[in-house]
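In terms of this note's numbering, the sequence shown is residues 610 to 842.
C-beta: ideal position from N, C-alpha, C; glycine also.
For reference, the structure is listed below as structure tokens.
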Amino acid sequence: MSLKSHITDITHHAYLIVGDRSHIKEELFDIIRSNGITIEGNPDVMYRNFEICTIDDARELKSLQVQKGVDAAGTKKILIIDTDFFTREAQHALLKVFEEPATDVHFFILMSSANNIIDTLLSRCNVINDTPIQNTAVEIERAKKFIEGEKEDRLSIVKELLGAHEKYSSPSVLKGDALSFLNTIEIALNSASDMRNTKEDFISLQEVWKCRKYMNQQGSSVKMLLEHLSLVI
610 MSLKSHITDI THHAYLIVGD RSHIKEELFD IIRSNGITIE GNPDVMYRNF EICTIDDARE
670 LKSLQVQKGV DAAGTKKILI IDTDFFTREA QHALLKVFEE PATDVHFFIL MSSANNIIDT
730 LLSRCNVIND TPIQNTAVEI ERAKKFIEGE KEDRLSIVKE LLGAHEKYSS PSVLKGDALS
790 FLNTIEIALN SASDMRNTKE DFISLQEVWK CRKYMNQQGS SVKMLLEHLS LVI
């Protein structure tokens, strides 16, 4: 679904948009322009890209929102935060900003997944899920093989997933795909448990939930968590 079907006029003080961040960014820029706001060379439109948004980054964003705009009063100030991970400290700092938003300031947070975002911060945002509704047949088939295979088969799938990302320097790319993989496993397990309704399926789901929880923590090892899941699911 197009982002434009969710946002026409920029009215909310904070938007959290989940999906393909590069695609979202381009569509968001079009929406901003359609609201009569120039992006190029406009100091009131600020874009920040963080691999991990830390407390220092959140403090910078807080200071940027209170700076006076260069144009007349009533001109919107746009702050775009493009990241795949917020530390807990950064989230609490932003929560204070969103609880008392400055006039005519609008935040847009772009993320691949919002699994690690605290509920109180989510409640302050207009959350928009721009991810595809259905997983691809290839992803679902891989998840089924992971669930139904032997331990050696599951470890082989994990090795393949990790190997596909050796060329990436940023761990956020791998973490994003790993979380997507976990989500697909959960979908496949839920589908299977609806038919079998076994205790084993429920225990497997619990292991997936725990794996995803720990993977969203700063400094977690994707390799160790997926290998552990391969042995216990």
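- Following the DSSP letters along the chain, one finds Thr-692 inside the beta strand (DSSP E) bounded by residues 686-692.
- With 16 or more neighbouring CB atoms inside 10 Å of its own CB, Asp-666 falls in the buried class.
- Between Ile-690 and Phe-716, the C-beta gap is smaller than 9 Å, which places the two residues in contact.
- Here Ala-746 is exposed, its C-beta having fewer than 16 other C-beta atoms within 10 Å.
- Put simply, of Lys-686, Leu-791, Glu-757 the residue whose alpha carbon is nearest the alpha carbon of Pro-652 is Lys-686.
- Looking at the DSSP output, Arg-657 shares a beta bridge with Ile-690.
- Under the three-state reduction of DSSP, Ala-623 is assigned to strand.
- Exposure of Ala-773 is indicated by the presence of fewer than 16 other C-beta atoms within 10 angstroms of its C-beta.
- Our two residues, Leu-783 and Val-627, have alpha carbons roughly 17 Å apart in a direct line.
- Note that the C-beta distance between Ile-661 and Val-654 is not below 9 Å.
- The way I'd put it, the region 719-730 doesn't touch the region 751-764; fewer than three beta-carbon pairs between them come closer than 8 Å.
- Assignment of Cys-662 by DSSP, reduced to helix, strand and coil, places it in the strand class.
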